[in-house]
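Scroll down for the structure; my scribbles are underneath it.
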Amino acid sequence: GGSLAAEEFELRYFSTREEIFLTIFEAEQGKFVQSLIARLKRIRSKEPADAISRAWVEVALKHRGFLDLLPQLSTSMEKNSSVEQIVHFKKLAYERFGGLLQTLEHIHPQLSLEQWAFVAQCAISMMAGLWPFTNPGENVIAAMQHPDVNRTPWEFEPLMMSGLSALIHGMSQAKG
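In my numbering, the protein residues as written are 355 to 530.
What follows is the structure, encoded as structure tokens:
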């Protein structure tokens, strides 16, 4: 059992609980980005914006560990980690996202790398915000069903897909 941790993670000292979660998140993020790049490379479309959005959401939903930890990244994990841990994490994350941005630009070259970077930042922010809202606890679900509220809970898939698609289409209309 213990050798798995040593194989998966280089041996590091953690000064806080959040640094452990940051390391777990780093692994989940790597799996998400790798899967997303592989899925994006299969897109064959003359109008790739919606296909990219669909692929992004499908891959995200297969990486629930990533989605569950993402909202905690800036509010907890990074706030309570050492500069060294954050530097290690950010360096790796930016390398991974560089590969993702190049893949996106290759599939949809109407947007520049800078525009894709903006889209990706917004998409990550949307995921971090939407995921907790669309996966509420039992009390929130009960409150939503209460006659005084009577609202349908938000759904991640259609909101994320529409938001990301609108963002890509909007950036295509923007100059430079």
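Think of the CB as a built atom: it goes at the ideal place given N, C-alpha and C, for glycine as much as any other residue.
Note that the structure is predicted; figures quoted are calculated from it, not measured.
Query, Result
"Neighbourhood of His523 by C-beta distance below 7 Å, restricted to the same chain and skipping five residues each side", "Ala403"
"Near the ligand GTP: Gly452 beta-carbon under 7 Å from a heavy atom", "For the ligand GTP, the structure offers nothing, since it holds no ligand at all."
"Rounded separation between Phe510 and Tyr367 - CA only", "36 Å"
"Alpha helix (DSSP H) segment containing Lys445, residue limits", "Val437 to Ile461"
"Reference Lys400; option with closest CA among Gln464, Met431, Phe386 and Glu373", "Gln464"
"Which of helix, strand or coil DSSP assigns to Gly384", "helix"
"Contact set for Ala528: own chain, Cβ-Cβ below 8 Å, skip 5 residues either direction", "Gln469"
"Beta-carbon proximity check, Glu380 vs Ser435, cutoff 8 Å", "no"
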